[in-house]
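What the sequence shown shows, in this note's numbering, is residues 15 to 308, in sequence order.
The beta carbon of each residue, even a glycine, is placed where N, CA and C say it ideally should be.
Worksheet for the structure shown next.
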Amino acid sequence: MIINKKEHILCVEIGGSHILSGVYDPVINNSFTGISRRSVKSLGKKEEILDTWFSCIDETLHKVNAIPTGVYIGMPGPFDYENGISYIKNLGKYDDLYGTNVKKLIAKRYMLSQNVIFFENDATCFLVGQVELIDGLKENKVVGLTLGTGLGACLYENGRCKDLDLGKEPFMKGITEDYLSTRGFMRLYKQAGGERKSTVKEVMEDQQYCTFARDTIAQFGTYLADFICQYYGTYQMGSLIIGGGIANGASTFLDITKQQLYTRNIDISIYLAIDSAEATLLGVWHAMRENLVC
Numbered sequence: 015m016i017i018n019k020k021e022h023i024l025c026v027e028i029g030g031s032h033i034l035s036g037v038y039d040p041v042i043n044n045s046f047t048g049i050s051r052r053s054v055k056s057l058g059k060k061e062e063i064l065d066t067w068f069s070c071i072d073e074t075l076h077k078v079n080a081i082p083t084g085v086y087i088g089m090p091g092p093f094d095y096e097n098g099i100s101y102i103k104n105l106g107k108y109d110d111l112y113g114t115n116v117k118k119l120i121a122k123r124y125m126l127s128q129n130v131i132f133f134e135n136d137a138t139c140f141l142v143g144q145v146e147l148i149d150g151l152k153e154n155k156v157v158g159l160t161l162g163t164g165l166g167a168c169l170y171e172n173g174r175c176k177d178l179d180l181g182k183e184p185f186m187k188g189i190t191e192d193y194l195s196t197r198g199f200m201r202l203y204k205q206a207g208g209e210r211k212s213t214v215k216e217v218m219e220d221q222q223y224c225t226f227a228r229d230t231i232a233q234f235g236t237y238l239a240d241f242i243c244q245y246y247g248t249y250q251m252g253s254l255i256i257g258g259g260i261a262n263g264a265s266t267f268l269d270i271t272k273q274q275l276y277t278r279n280i281d282i283s284i285y286l287a288i289d290s291a292e293a294t295l296l297g298v299w300h301a302m303r304e305n306l307v308c
């Protein structure tokens, strides 16, 4: 029998290729219990995607033996965050969820009022979590970038965080996500002449042996520098935090980015995100619990 004697806030982070869930522990500060993770085939059918999401959440709730009293979800856009409806289309993820009322489905499955289910942009949640955990950033103007199936960008300033939605802004001969994303990275690899590798991780691991991989990584690092230069003045950023799936291999391209910025007299502190489930879920919690998003 499940007994609910205290508040159990379920925090969920949904990315382009994964879902992460955990329940906030009100006793141990900034801690979560029942953490679960799943890889998601985000270009699969609606039912397959939802089954994976619910499987992850069910596992978390089973681990903590609790019924959620509220649900906070970090979700990529385009998304109607107030009403819980997905409008993601042609971005390499979740096409089959277009027009789906995710809030209503979650409320029905877990027998909750829709009034206790809240959504926020995943990149914004990411930055809030990082600023909470990295010393000395709360007084700065900080931009957070998530590099993965798409590009998320947000700004932290004066204790508040807002989504910049730069992924679809003009960049080079297209939009930012055409270049600074998984598909942009792999397109660079193919343009360089690469054929043998099928994932970003495989290309990065092959750089020691393959000229195509090295050329790809160098060009990606240069594009990232170009992007930073394009918005450096607009947002007067003092610090930049980089996360997301591609950031796991940032050591391969970040030196190139920094070198490019140095030659262009761009003075900015660049941090790699703290890569942990707690950091991610903490961002979801703080962004919504403390109303840090504007």
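Worksheet item: So who's on the other strand from G12, going by DSSP bridges?
Response: Since the displayed the chain opens at 15 and closes at 308, residue 12 lies outside it and no answer follows.
Discussion item. Taking the beta carbon of E134 as the centre, do at least 16 other beta carbons fall within 10 Å, making it buried, or is it exposed?
Written reply: E134 comes out buried.
Worksheet item: Residues in its own chain within less than 6 Å of L24 by CB, not counting five upstream and five downstream?
Response: V37, P82, V85
Worksheet item: DSSP three-state call for C70: helix, strand or coil?
Response: helix
Worksheet item: Taking the continuous beta strand (DSSP E) assigned at D177, which residues delimit it?
Response: 174 to 177
Worksheet item: Since C243 is in the alpha helix (DSSP H), which residue starts that stretch and which ends it?
Response: 225 to 249
Worksheet entry | Candidates A264, S53, I242, G263: closest to L254 by CA position | Closest by C-alpha distance to L254, out of A264, S53, I242, G263, is I242.
Worksheet item: Is the beta carbon of G297 sitting closer than 9 Å to the one on T138?
Response: yes
Worksheet item: Per DSSP, which one or two residues make a beta bridge with A167?
Response: L159
Item to complete: Just mark K117 as buried or exposed, buried being the case when its beta carbon has 16 or more other beta carbons within 10 Å.
Response: buried
Fill in: Residue of Y246, Y245, V217, Q244 minimising C-alpha distance to A232
V217
Discussion item. Tell me which residue opens and which closes the alpha helix (DSSP H) that T190 is part of.
Written reply: Element bounds for T190: n/a, residue is neither H nor E.
Worksheet item: For the stretch 199 to 218 against the stretch 170 to 189, are there 3 or more C-beta pairs whose distance is under 8 Å?
Response: Flag = no, the stretch 199 to 218 and the stretch 170 to 189 do not touch.
Worksheet item: If you drop the 5 nearest sequence neighbours on each side, which residues of the same chain put their C-beta closer than 7 Å to that of I280?
Response: I242, C243, Y246
Worksheet entry | Cross-strand partners of V85 (DSSP beta bridge) | L24, I131
Worksheet item: Quick one: what's got a C-beta closer than 8 Å to T114's C-beta in the same chain, skipping five residues either side?
Response: K60, I99, S100
Fill in: Host alpha helix (DSSP H) of G297 (start-end)
291 to 303
Discussion item. Considering only their Cβ atoms, is the gap separating G158 from A287 smaller than 9 Å?
Written reply: yes
Discussion item. Pairs of beta-carbons, one from the stretch 149 to 167 and one from the stretch 175 to 190, closer than 8 Å: are there three or more?
Written reply: yes
Worksheet item: Between which two residues does the beta strand (DSSP E) containing L268 stretch?
Response: L268 -> not in any beta strand (DSSP E); alpha helix (DSSP H) instead, spanning 268 to 277.
Worksheet entry | Rounded C-alpha distance that separates R123 from I87 | 15 Å
Practice prompt. Check whether the Cβ atoms of L295 and I49 lie closer than 9 Å to each other.
Written response: yes
Worksheet item: In the structure shown, what three-state DSSP assignment does N262 receive?
Response: helix
Worksheet item: Is G235 buried or exposed, if buried means 16 or more other CB atoms sit within 10 Å of its CB?
Response: buried
Fill in: Assigned secondary structure, V145 (DSSP; H/G/I helix, E/B strand, else coil)
helix
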